[in-house]
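Here is the structure we will look at.
Chains as they are written, first to last, in our numbering: chain A, 73 to 565; chain B, 73 to 565.
This is how it looks when you write it as structure tokens:
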């Protein structure tokens with residue numbers, strides 16, 4: 073077969089995945105380093121599990137046994153058992169907590185970060201691989217552990233320079249369950265009863281930002297028809313029952329004490345409800361004693377979190393500054409992290425309930441927020457480019473580059489075909505290089521080099537006044553022996 | 073179905089994978105941070121592709137079209153196309169270099185790090201997911217790019233504190249091809265001829281450390297029967313031909329100039345061989361001019377690298393210090409990084425040859441070396457543990473913990489059941505805590521706290537002399553207001 077007949081493979085990122093270049097990588101790394109420093113200071117230990125788990129251990133996404141790839145990327149191993157890419161960092165933690173329960177410290181504080189994978193239809197801004205950064209405490213029954221998670225999350229935002237621009241909201245599923253009991257859709261003696269209705273109530277409340285009060289009330293009652301004409305069945309509550317639920321959602325008062333009093337009122341004689349209110353009160357007191365005021369952490373009954381597995385306190389962190397949405401309207405940046413207490417995940421494996429609580433930060437959204445605020449870190453500065461005027465003197469150019477690097481200056485020698493000098497300056501431009509170093513035969517004979525200030529050069533080209541040009545020339549000739557010092561001056565170091 | 077009948081999932085790491093805890097994670101991170109700092113200073117930009125590629129783009133491991141999972145983990149996407157986990161970081165780079173060829177700077181220097189996956193039989197110390205850390209320059213035809221890779225690799229080892237304990241070896245496939253031409257198993261006019269024989273020669277030389285000279289000579293000739301009785305077919309060279317090849321392998325002389333002269337002799341009139349010797353000479357001169365002496369980078373014809381796709385210079389970095397092997401015998405630590413020039417990988421996609429050269433560091437092996445030398449970084453110190461004597465005063469204990477954290481001290485409050493104080497000290501021990509903070513009712517009333525020096529305590533318990541005990545008590549009582557300062561003193565800060 074002649075070579076021309078071979079179909080070449082397509083060079084394409086697989087559908088729903090993406091590539092990250094340069095600053096996209098280093099800014100995310102800088103952010104994660106800052107977050108991890110806080111986690112570390114709080115005594116949390118890193119854990120890195122592999123990307124692959126057995127489908128048996130992941131569990132959750134298993135509609136049928138034959139082909140378990142609903143929601144996850146799965147395949148059969150040689151021994152015919154199914155394996156899959158992890159879809160979050162909590163399921164592997166539950167597996168580890170069960171597997172190493174005799175070796176791990178108890179309680180076990182751990183953090184984890186890395187990519188997770190979802191086998192979903194990709195959409196704009198929705199990828200099938202994305203980062204999570206989690207911290208969890210396993211084996212601590214007391215709500216002091218929940219309070220610590222909230223405090224740590226607040227410290228994370230302060231460390232990232234977002235002080236004043238965020239709020240951590242705390243609620244408690246037990247309070248909501250108390251309200252459900254009052255309303256009559258939770259029977260403490262038979263918790264399976266009304267489980268469907270409670271699920272509908274939970275998801276309805278979770279959508280209040282999108283659907284508004286009217287939409288949520290419709291879902292609490294008979295149901296709701298959306299703009300497309302699709303009908304979603306409601307929980308079937310009466311108007312009076314729905315009123316109690318809506319009262320819970322809007323129970324937040326000016327002070328934490330006020331909110332707690334209102335909630336205590338709402339849960340009436342429900343034992344589980346009272347327990348939830350007590351827990352919120354304890355969390356508030358512990359945080360208060362440490363100086364986390366209502367400007368940083370608040371009790372907000374409007375937060376319920378969509379996931380079914382939470383059993384107690386739930387948390388959500390929102391960024392409160394405004395950005396413009398796709399249509400140019402102002403809106404709050406919104407949620408960037410969420411979590412809560414889940415006491416049943418380890419039980420799947422061991423049969424014994426293990427109390428656990430934790431938080432998951434949406435890394436991509438938080439990074440987008442930092443970029444919007446101009447607070448993304450990462451050293452994305454381009455390198456000084458040493459150009460090649462005379463290809464026989466490559467050793468000299470590499471020596472210059474080496475000197476700059478040893479002085480801690482990011483530097484490169486041009487490694488393309490040096491014939492066209494214009495291409496070298498175009499390259500320096502593409503690299504966002506601050507300084508180009510030039511030494512032709514004349515300069516070499518004189519023992520000098522020419523430094524071109526490319527940042528100033530670009531600025532002059534855009535909008536120069538004669539004065540600026542005079543004060544600070546965009547190009548200087550210096551002694552070869554003065555190379556490093558002169559580049560440093562030009563870089564303002 | 074009653075709950076007792078449900079089979080519980082097994083809590084097991086999937087076969088061939090592993091979990092990394094605490095210091096294992098932070099030491100690797102510290103090492104990678106050091107490596108990346110060098111790459112960054114050299115002007116290399118980070119690139120992070122997804123773990124998943126289309127099987128079409130990965131190419132290589134495709135014995136049959138129907139089930140392409142030989143060597144890789146692969147599965148079918150919804151649209152029936154095959155996807156797979158990447159098996160190295162070079163294949164995704166080739167895909168990116170082809171896909172973004174109009175946007176990327178040329179030459180393109182990039183580094184990448186992360187896990188790769190191999191669908192192989194797991195064995196002792198051989199895992200199906202492991203880390204690589206690569207740096208490559210794409211689009212630079214000159215061997216100055218190869219010299220730069222060698223210099224950078226040398227700087228990486230210096231930065232890691234391995235100065236004097238490593239050597240970067242450089243060779244050139246073209247020289248080997250010249251030798252093959254002289255021997256008569258390479259026909260410049262018909263390169264497909266003898267390709268099988270050349271492959272056998274290449275793999276034989278690559279195994280010299282394991283097989284010794286006698287074993288390699290057998291493989292160059294008729295073949296070799298190993299201890300198990302298995303026969304490996306040889307390249308069929310005569311004793312005279314084998315002599316020339318062995319002369320190449322042992323061509324290293326005391327100086328670079330001596331080695332180059334010997335190689336020039338060996339390749340005789342072969343044009344490709346002479347080109348290879350010229351390139352080695354240029355690389356040596358460029359590195360010499362930058363002060364990389366033979367103690368850091370040497371020309372060593374014994375290095376050939378097993379991979380088929382190298383087309384010019386090849387590199388291998390070895391650690392030269394001795395460790396004890398499983399049988400207690402001394403041996404050199406050996407290879408921790410390798411690479412070379414490959415000019416055909418991008419061509420698969422575009423049809424145009426793109427010159428590229430690079431290096432891949434075996435992250436796990438290098439980390440093991442640093443650990444063996446006691447040079448692994450990472451802040452693995454355990455936290456100060458604030459114990460809980462009185463569960464009603466949790467707010468006080470959390471406040472102490474908060475003060476310590478704000479002073480930059482890693483600290484935890486005990487979050488387990490506080491009833492048994494012995495368990496709290498056992499927990500502190502498991503956490504490798506340096507200091508325990510204790511405040512019972514008496515201390516609270518007096519306004520003091522007790523600090524227990526757990527490191528000193530452990531040392532005293534092991535081998536104390538009375539004098540040590542007197543000089544530095546393992547337990548002190550200090551004013552509550554002096555908590556942070558006293559802990560700092562105890563930590564030696």
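Here a beta-carbon is modelled for each residue, glycine too, at the ideal position from N, C-alpha and C.
Computed from a predicted structure; not experimentally measured.
Contact set for residue i: own chain, Cβ-Cβ below 8 Å, skip 5 residues either direction
| i | result |
| --- | --- |
| residue 310 of chain A | 293 |
| residue 131 of chain A | 163 and 420 |
| residue 115 of chain A | 181 |
| residue 336 of chain B | 346 and 349 |
| residue 385 of chain B | 215, 218, 242, 243, 244, 245, 351, 352, 355, 412, 413 and 429 |
Inter-residue spacing [alpha-carbon to alpha-carbon] between residue i and residue j
| i | j | result |
| --- | --- | --- |
| residue 332 of chain B | residue 226 of chain B | 21 Å |
| residue 84 of chain B | residue 261 of chain A | 36 Å |
| residue 555 of chain A | residue 521 of chain A | 7 Å |
| residue 327 of chain A | residue 366 of chain A | 8 Å |
| residue 274 of chain B | residue 381 of chain B | 12 Å |
| residue 526 of chain A | residue 198 of chain A | 38 Å |
| residue 523 of chain A | residue 364 of chain B | 27 Å |
| residue 476 of chain B | residue 214 of chain A | 21 Å |
| residue 316 of chain B | residue 446 of chain B | 43 Å |
| residue 368 of chain B | residue 104 of chain B | 21 Å |
| residue 152 of chain B | residue 158 of chain A | 22 Å |
| residue 75 of chain B | residue 166 of chain A | Annotation note: pLDDT 48 at residue 75 of chain B (below 50); position unreliable, coordinate value reported separately. If I take the Cα positions, the gap works out to 20 Å. |
| residue 210 of chain B | residue 283 of chain B | 35 Å |
| residue 563 of chain B | residue 234 of chain B | 29 Å |
| residue 387 of chain B | residue 94 of chain B | 33 Å |
| residue 318 of chain A | residue 550 of chain B | 53 Å |
| residue 256 of chain A | residue 82 of chain A | 59 Å |
| residue 204 of chain A | residue 375 of chain B | 42 Å |
| residue 558 of chain A | residue 559 of chain B | 46 Å |
| residue 247 of chain B | residue 480 of chain B | 57 Å |
| residue 272 of chain B | residue 303 of chain B | 14 Å |
| residue 416 of chain B | residue 279 of chain B | 25 Å |
Residue i vs residue j beta-carbon contact at 8 Å
| i | j | result |
| --- | --- | --- |
| residue 371 of chain B | residue 409 of chain B | no |
| residue 460 of chain B | residue 483 of chain B | no |
| residue 438 of chain B | residue 448 of chain B | no |
| residue 228 of chain A | residue 107 of chain A | yes |
| residue 144 of chain A | residue 156 of chain A | yes |
| residue 189 of chain A | residue 146 of chain B | no |
| residue 200 of chain A | residue 89 of chain A | yes |
| residue 462 of chain B | residue 519 of chain B | no |
| residue 119 of chain B | residue 91 of chain A | yes |
| residue 352 of chain B | residue 223 of chain B | no |
Outcome for residue i when other beta-carbon atoms lying within 10 angstroms are tallied against a minimum of 16
| i | result |
| --- | --- |
| residue 403 of chain A | exposed |
| residue 185 of chain B | buried |
| residue 139 of chain B | Confidence is the limiting factor: at residue 139 of chain B the pLDDT is only 48, short of 50, which leaves the residue's position unreliable, though a coordinate-based value still follows. The residue is exposed, with fewer than 16 neighbouring Cβ atoms inside 10 Å. |
| residue 177 of chain A | buried |
| residue 169 of chain A | buried |
| residue 175 of chain B | exposed |
| residue 505 of chain B | buried |
6 Å CB neighbourhood of residue i in its chain, flanking five on each side removed
| i | result |
| --- | --- |
| residue 249 of chain B | 258 and 344 |
| residue 202 of chain A | 436 |
| residue 444 of chain B | 395 |
| residue 529 of chain B | 546 |
Spatial neighbours of residue i in its chain, beta-carbon cut-off 7 Å, leaving aside the 5 residues before and after
| i | result |
| --- | --- |
| residue 136 of chain A | With a pLDDT of only 40 at residue 136 of chain A, under 50, the local geometry of the prediction cannot be trusted, and the value read off the model is given with reservation. Taken in chain order, the list of residues that qualify is empty. |
| residue 508 of chain A | 457, 459, 497, 500, 524 and 526 |
| residue 305 of chain B | 295 |
| residue 441 of chain A | 391, 405 and 408 |
Length at least 4, wholly inside the segment 409-470 of chain A: the alpha helix (DSSP H) runs in chain order: 419-422 and 435-444
Sequence ranges, beta strand (DSSP E) only - wholly within the segment 319-379 of chain B, length at least 3: 369-371
Members of the segment 114-133 of chain B near chain E, C-beta cut-off 8 Å: Chain labels in this structure do not include chain E; the protein chains are A and B.
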